[in-house]
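When you number the sequence shown by the numbering used here, it's gap-free, plus one each residue, and the end is 972. Even for Gly, the Cβ is constructed at its ideal location relative to N, Cα and C. Treat the numbers as computed from the prediction; the structure is a model and nothing was measured. Report on the following structure.
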Amino acid sequence: MHAGRGHNTGMRVAIVTESFPPEVNGVAHSVLRTAEHLVRRGHRPLVVTPAPARGAQCPSRSFGSGAEGERIPVVHIPSMPLPGYPQVRIALPSRQLTAALAGHRPDIVHLASPFVLGARGMQVAARLKVPAVAVYQTDLAGYAHAYRAGRGLGEAAAWRRIRAVHRAAARTLAPSTPAAQDLTAHGVPRVQLWPRGVDSVRFHPRHRDEALHRALAPGGEVLVGYVGRLAPEKRVDLLAAASALPGVRVVVVGDGPSAPGLRASMPGAVFLGRRTGEELARCFATLDVFVHTGPLETFCQTIQEAMASGVPVIGPAAGGPLDLVAHHRTGLLVPPRDGAAVARAVAALAAEPARRAAYGQAGRSEVTARTWEAVGDLLLRHYAEVLAEHGGLPASLPPVVGAAPAEPVVPVLPSELPEELPEELSA
């Protein structure tokens with residue numbers, strides 16, 4: 546930590562992230578929220594991220610406004626598209642990273658989903674003798690398996706990279722209990738929980754739009770939706786059987802490389818493409834059931850957004866959804882990678898409007914206290930503890946109120962769903 550600073554300047558935090566807006570994903574969104582919270586609490590963040598593709602709309606050197614109009618600086622590192630998935634940018638080796646971190650003189654380095662740029666950020670932090678917090682957000686080993694990545698980057702190689710980065714960090718923050726358990730089982734030390742917040746004002750049942758529902762389901766069908774990236778690891782193809790159910794209309798919100806194949810396999814589904822802002826909130830609240838099919842989610846932010854919108858949820862009994870979905874209370878958990886089980890769960894909820902309403906109300910109650918402010922303050926507690934372990938605290942670090950570390954929970958696997966469809970939906 547740098548000494549001699551005044552009492553009102555707060556911490557200098559360098560956030561090195563593999564993804565940032567204009568990209569739309571959980572990593573980019575949580576980094577944006579983190580940087581904004583740091584400014585609100587009187588700290589000085591710097592964001593370092595791969596440069597977006599040419600022509601992408603993004604702030605070039607700063608974004609947002611904090612107290613007294615302060616803007617948050619952003620350094621874009623030269624990048625290239627990920628082979629086979631050009632929407633993802635990979636940072637190229639560059640001296641800009643070292644220059645940016647050294648110039649910012651951080652008290653702490655925050656590595657968001659570290660892999661390529663984050664691994665280099667860890668090395669620079671070590672050279673500068675600055676403690677780093679590594680935030681685990683992406684199941685890279687699972688992705689390597691799903692994509693059968695070439696050049697030797699299989700599941701085992703991905704775990705070797707993950708271990709190398711996270712073992713060098715002063716602390717690793719996992720978003721869910723299953724993710725923390727996975728990291729610990731693979732030899733990552735000093736793992737603690739740091740979940741994600743949800744904006745329960747933006748995502749709210751009052752945004753339900755009956756006119757939109759009629760437009761999407763003109764026959765009065767039960768509206769079953771997925772929101773997110775359309776990519777192989779998300780397994781949106783598992784909705785095909787549910788899409789074929791009578792009385793059910795599947796709506797898909799999002800875009801990605803899997804879109805053409807999904808349109809072909811689900812001809813009865815409605816594909817809305819990417820939606821943001823108020824339009825996205827309206828889409829969420831207008832659903833009757835939300836389904837997430839991805840088995841590799843370390844958290845699953847869209848499940849929280851659906852719950853905040855008062856919508857019952859169906860998710861895989863794997864990863865982050867195990868922490869988020871209370872089986873038979875806020876939704877249903879199904880065996881991962883099982884399209885028939887997804888269809889049975891959809892059929893069960895489609896047949897029972899009262900059950901859907903009860904699950905939706907319980908889900909809303911479950912998440913309203915999970916504000917980004919509370920989650921941001923918990924992150925500040927993690928920073929403070931790491932800095933205390935490495936020689937001191939910034940004088941102006943605000944106290945964290947009511948943000949005790951999350952207690953580990955034992956995941957509850959789903960009970961067996963009925964093998965047959967309800968009579969109402971089996972015709």
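Could you check where the beta strand (DSSP E) with residue i kicks off and where it finishes?
i      : result
Val772 : 767-772
Arg712 : Here Arg712 belongs to no beta strand (DSSP E); instead the alpha helix (DSSP H) covers 700-713.
Val619 : 617-622
Val920 : Unbroken run through Val920 is the alpha helix (DSSP H), 917-934; no beta strand (DSSP E).
Leu591 : 589-595
Gln737 : 736-738
Val870 : It is not in any beta strand (DSSP E) - Val870 carries neither H nor E in the DSSP assignment.
Val834 : 834-836
Phe565 : Taken as a continuous stretch (DSSP letters only), Phe565 belongs to no beta strand (DSSP E), as it is neither H nor E.
Select from the options the residue whose C-alpha is nearest the C-alpha of residue i.
i      : options                        : result
Asn570 : Ala886, Gln906, Thr843         : Thr843
Leu975 : Leu923, Glu766, Phe829, Arg882 : The chain is shown only over 546 to 972; residue 975 falls outside these bounds and no answer can be derived.
Ala890 : Ala899, Arg735, His873, Gln906 : His873
Ala645 : Ala713, Val561, Ala671         : Val561
Gln906 : Thr847, Pro763, Ala785, Val858 : Val858
Leu738 : Leu728, Ser745, Ser639, Gly732 : Leu728
Arg794 : Gly818, Val781, Leu784, Ala762 : Ala762
Pro597 : Gly699, Pro898, Leu637         : Leu637
Arg634 : Arg640, Pro623, Leu642         : Pro623
Val920 : Lys779, Val576, Pro566, Gly555 : Val576
Phe835 : Gly770, Lys674, Glu581         : Gly770
Arg900 : Glu700, Pro880, Gly876         : Gly876
Leu685 : Glu778, Leu784, Tyr928         : Glu778
Val736 : Pro723, Arg820, Ser745         : Pro723
Val593 : Gly629, Gly555, Met556, Val661 : Val661
Gln846 : Thr683, Ala715, Gly813, Gln632 : Thr683
Ala826 : Gly806, Leu867, Pro750, Gly818 : Pro750
Ala760 : Glu568, Leu817, Ala892, Ala664 : Leu817
Pro534 : Ala776, Gly792, Thr821, Ser788 : Here the chain covers residues 546 to 972 and nothing more, so residue 534 does not appear.
Pro866 : Gly663, Asp883, Thr838         : Thr838
His975 : Pro566, Val654, Pro631         : Outside the modelled stretch of the chain, which goes from 546 to 972, sits residue 975, for which no answer is possible.
Ends of the alpha helix (DSSP H) at residue i?
i      : result
Met556 : That residue, Met556, is in no alpha helix (DSSP H); it is neither H nor E in DSSP.
His582 : 571-585
Val633 : Per DSSP, Val633 belongs to no alpha helix (DSSP H); it is in the beta strand (DSSP E), 630-636.
Thr729 : 722-730
Ala899 : 898-912
Val829 : The sequence given here has Phe at residue 829, not Val. Here the alpha helix (DSSP H) through Phe829 covers 822-831.
What is the rounded straight-line gap between the Cα of residue i and the Cα of residue j?
i      : j      : result
Arg753 : Cys828 : 8 angstroms
Leu790 : Glu911 : 30 angstroms
Asp652 : Leu583 : 13 angstroms
Gly545 : Ser721 : This structure leaves residue 545 out entirely; the chain is present only between 546 and 972.
Glu918 : Gly742 : 8 angstroms
Arg774 : Val797 : 10 angstroms
His993 : Pro676 : Nothing about residue 993 can be reported from this structure: the residues present for the chain run from 546 to 972 only.
Pro944 : Ala786 : In this prediction, Pro944 scores a pLDDT of 45, lower than 50, which makes its location untrustworthy; no coordinate-derived value is stated.
Pro898 : Val772 : 22 angstroms
Val747 : Pro618 : In the sequence under discussion, the amino acid at residue 747 is Arg, which differs from the Val named in the question. The straight-line gap from Cα to Cα measures roughly 26 angstroms.
Ala914 : Pro590 : 26 angstroms
Val669 : His935 : 17 angstroms
Pro989 : Arg780 : Lying outside 546 to 972, the shown extent of the chain, residue 989 is not represented and no answer is given.
Arg808 : Leu783 : 13 angstroms
Gly611 : Ser810 : With a pLDDT of 46 at Gly611, under the threshold of 50, the predicted position of this residue should be treated as unreliable, though the coordinate-derived value follows. Cα-Cα distance, rounded: 46 angstroms.
Glu850 : Ala671 : 37 angstroms
Ser639 : Leu923 : 33 angstroms
Glu824 : Val815 : 16 angstroms
Met556 : Thr579 : 13 angstroms
Ala702 : Leu718 : 21 angstroms
Gly947 : Leu932 : Annotation note: pLDDT 37 at Gly947 (below 50); position unreliable, no value reported.
His731 : Glu755 : 48 angstroms
Arg599 : Tyr904 : 44 angstroms
Arg650 : Glu930 : 19 angstroms
Ala896 : Gly908 : 19 angstroms
Does the distance from the CB of residue i to the CB of residue j come in under 8 angstroms?
i      : j      : result
Ser564 : Val558 : no
Val678 : Ser658 : no
Thr831 : His711 : no
Pro840 : Pro812 : no
Arg716 : His927 : yes
Gly979 : Leu642 : What the structure shows of the chain is the stretch from 546 to 972, and residue 979 is not part of that stretch, so it cannot be assessed.
Val887 : Leu878 : no
Gly663 : Leu673 : no
If contact is defined by three or more beta carbon pairs under 8 angstroms, each pair taking one atom from either stretch, is the stretch 851-860 in contact with the stretch 788-802?
no
Below 8 angstroms, how does it come out for the stretch 766-782 and the stretch 703-711: are there three or more Cβ pairs, yes or no?
no
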